[in-house]
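Residue numbers (our numbering): 1 to 363. Just so you know, even glycine gets a beta-carbon here, dropped at the ideal spot from N, CA and C. Below is one structure, written out as structure tokens, with a few remarks after it.
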Amino acid sequence: RGKRHLGLAKLLRAELPHTRAAFRAGQITEWAATLLAKETACLEVDDRAKVDKEIAGDLEKVAKLSEKQVGDQARKMAAKLDPASVAHRRAKAEKDRRVTIRPAPDTMTYLTGHLPVGQGVQVYAALKKAADTLIAGGDERTRAQIMADTLVERVTGKTQAPAVPVMINLVVSDQTLLGTSHDPAHLDGHGTIPADLARPLVATALEAGAKTGLQTWLRKVYASPHGGLTAMDSRSRIVPHGLSHLIRTRDGGICRTLFCDAPIRHIDHATGVINGGQTVEEDLQGLCEGCNYAKQAPGWTATGHHPPHGRHQVTTTTPTGHTYVSTAPPLPGWADPPRHLAVLEPQDPSDLLAEYEFIDDAA
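Here you go:
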């Protein structure tokens, strides 16, 4: 967010003076200024200046436009001034199509498809048509509920949306799993979920496995009293799959950089291999792409360590001399006596051969 604000501020001063004046005068919102900047990003400086003057040059005129109208007008003018650049931008955007997931309140989740407009409209129209058909047949669910259930059913191939099992990375303490504790669990890609939701998710996966003949495995992980996982040594420069899974579980699936909520994309050596870092649990951390690349700049240093009675920590020093300490999040039930955690994960039976061991500190 800081990068976005700084980039917009520099751009308004250098290339969009009329938009800057309208923003400073309170005639347009910050988001309207952002939209105008985004829609003209593909233009040359001279063409961008023309759009800036045409839309924001008259303060009284621009004040009557909504945010959406500002963006639409900038998009139309850009298409007229440089259609080739707009087409190239669209082609590049289509290459960036993707599906993302992020947590929503009340243990819900946002599943977002970033698609070319034609495909997105077709998907939405198909879901809406299915909902209209079922409602006409007497289905008592709302249109929104039917569309959501139909999306899950068609993507997963299940006939009933509620029967879709959770297949990977549900981390829950054994006592919560067996019903003797109400410690929350952790669902990778979402975050913390309550115990009364975690238990049915495990039961659903086991039940689905029993019906289909597919095996569902519980991977046992052992933790010390302070909630840390025991290290696994490796001489490999590339982090092995098993150790990578351990780091993602330890760090809760979220980038270890303070204030960053992005999902883990890279398993990073806190102290780089070139500086003597080793491929061991203590020196590894889960980072998003942006934070991993940023820490490669001159003046950044980081070290990983385990306090005597605490969870894994990474101490990062920035080029300005500021020091920040990132502590791994607590595992479910970490404050209790040592016990194993269960990570729900589909595996081939051959994968059950010990890839690594988790040893209790007390042992």
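Output needed for residue i: all residues of its chain with C-beta closer than 7 Å, excluding positions within five of it in sequence on either side, in chain order.
{"i": "residue 97", "result": "114, 115, 116"}
{"i": "residue 350", "result": "Because the pLDDT at residue 350 is just 44, under 50, the model does not fix this residue reliably, and the point stays unresolved."}
{"i": "residue 328", "result": "250, 251, 311, 312"}
{"i": "residue 198", "result": "170, 172, 176, 185"}
Taking residue i as part of the alpha helix (DSSP H), name the residues at either end of that continuous run.
{"i": "residue 48", "result": "45-56"}
{"i": "residue 72", "result": "67-81"}
{"i": "residue 139", "result": "That residue, residue 139, is in no alpha helix (DSSP H); it is neither H nor E in DSSP."}
{"i": "residue 17", "result": "17-24"}
{"i": "residue 62", "result": "59-63"}
{"i": "residue 242", "result": "241-250"}
{"i": "residue 1", "result": "Note, residue 1: premise wrong, no alpha helix (DSSP H); not H, not E."}
Please state whether the Cβ-Cβ distance between residue i and residue j is less than 9 Å.
{"i": "residue 315", "j": "residue 302", "result": "yes"}
{"i": "residue 70", "j": "residue 35", "result": "yes"}
{"i": "residue 306", "j": "residue 313", "result": "yes"}
{"i": "residue 132", "j": "residue 141", "result": "no"}
{"i": "residue 75", "j": "residue 39", "result": "yes"}
{"i": "residue 8", "j": "residue 37", "result": "yes"}
{"i": "residue 33", "j": "residue 25", "result": "no"}
{"i": "residue 299", "j": "residue 262", "result": "no"}
Closest Cβ-Cβ distance between residue i and chain C: below 9 Å?
{"i": "residue 129", "result": "Note that chain C does not occur in the displayed structure, where there is just one protein chain."}
Given residue i, which residues of its chain have a CB within under 6 Å of its CB, disregarding the five upstream and five downstream residues?
{"i": "residue 87", "result": "none"}
{"i": "residue 16", "result": "52"}
{"i": "residue 18", "result": "52, 53, 56, 57"}
{"i": "residue 150", "result": "127, 130"}
{"i": "residue 100", "result": "112"}
{"i": "residue 182", "result": "195"}
{"i": "residue 324", "result": "258, 316"}
{"i": "residue 102", "result": "110"}
Can you tell which of the options has its C-alpha closest to the C-alpha of residue i?
{"i": "residue 332", "options": "51, 104, 186", "result": "186"}
{"i": "residue 94", "options": "108, 102, 120", "result": "120"}
{"i": "residue 196", "options": "287, 325, 310, 107", "result": "107"}
{"i": "residue 292", "options": "269, 194, 157", "result": "269"}
{"i": "residue 271", "options": "89, 281, 288", "result": "281"}
{"i": "residue 176", "options": "157, 203, 286", "result": "203"}
{"i": "residue 45", "options": "194, 85, 277, 1", "result": "85"}
{"i": "residue 264", "options": "2, 243, 253", "result": "253"}
{"i": "residue 12", "options": "274, 5, 20", "result": "20"}
{"i": "residue 66", "options": "31, 122, 199", "result": "31"}
{"i": "residue 330", "options": "139, 288, 256, 138", "result": "256"}
{"i": "residue 1", "options": "273, 260, 294, 288", "result": "260"}
{"i": "residue 105", "options": "122, 193, 153, 201", "result": "193"}
Sorted by chain position, which residues of the same chain lie with C-beta nearer than 8 Å to residue i's C-beta, five sequence neighbours on each side aside?
{"i": "residue 239", "result": "247, 267, 279, 284"}
{"i": "residue 81", "result": "43, 47, 50, 51"}
{"i": "residue 59", "result": "21, 22, 25, 27"}
{"i": "residue 14", "result": "none"}
Determine the extent of the beta strand (DSSP E) in which residue i is found, giving its start and end residues.
{"i": "residue 173", "result": "170-173"}
{"i": "residue 182", "result": "Element bounds for residue 182: n/a, residue is neither H nor E."}
{"i": "residue 113", "result": "108-114"}
{"i": "residue 381", "result": "Lying before the first or after the last residue shown, residue 381 is absent from the chain, which here runs from 1 to 363."}
{"i": "residue 104", "result": "98-104"}
{"i": "residue 285", "result": "284-287"}
{"i": "residue 254", "result": "That residue, residue 254, is in no beta strand (DSSP E); it is neither H nor E in DSSP."}
Next item on the list: Run through the segment 291-323 for me and flag every whole alpha helix (DSSP H) of 4 or more residues, listed as ranges in chain order.
Entry: none
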